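K.L.:
Residue numbers (this note's numbering): 2 to 76. From the three backbone atoms N, C-alpha and C, an ideal C-beta is built for every residue, glycine too. If you're wondering where the values come from, they're calculated on a predicted model, not measured in any experiment. The structure under discussion is supplied below as structure tokens; questions concerning it will follow.
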């Protein structure tokens, strides 16, 4: 059972974790978008984009990366 006196702290912690999750998700999606953009100039054999219909009915992009480039530059 949760102590009611600890609920404000618990809510604040959950909000912080959710913000970190959203930020991390955005960084990962941006990284995959940059990889795809870098590969479009060359042959696009390394990245495949699939469209997936979610449970909510929205269409999402799925990036399937076959080989990650070994370039040392920051993407």
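1) I think residue 64 touches residue 48, with their Cβ atoms under 8 Å apart; what is that distance to the nearest whole Å?
2) First and last residue of the beta strand (DSSP E) that includes residue 62?
3) Starting from residue 3, trace the beta strand (DSSP E) in both directions and tell me its first and last residue.
4) Return the Cβ separation of residue 35 and residue 50 in integer angstroms, given the expectation that the two are a contact with Cβ distance under 8 Å.
5) Nearest-angstrom Cα distance between residue 13 and residue 6?
P.N.:
Per the coordinate set shown:
1) Start at 1 with the first residue of the chain shown, and residue 64 comes out as number 63. Start at 1 with the first residue of the chain shown, and residue 48 comes out as number 47. With a Cβ gap of about 6 Å, residue 64 and residue 48 count as contacting.
2) The residue labelled residue 62 in the question sits at position 61 within the chain shown. Looking at the DSSP string, the run of the beta strand (DSSP E) that includes residue 62 is 60-66.
3) The sequence position of residue 3 within the chain shown is 2, counting from 1. Secondary structure note for residue 3: it is in no beta strand (DSSP E), with a DSSP letter that is neither H nor E.
4) Translated into positions along the chain shown, residue 35 becomes position 34. Translated into positions along the chain shown, residue 50 becomes position 49. Residue 35 to residue 50, Cβ: 14 Å. No contact.
5) Position 12 of the chain shown, counting from 1, holds the residue named residue 13. Position 5 of the chain shown, counting from 1, holds the residue named residue 6. Between residue 13 and residue 6, the C-alpha separation is close to 13 Å.
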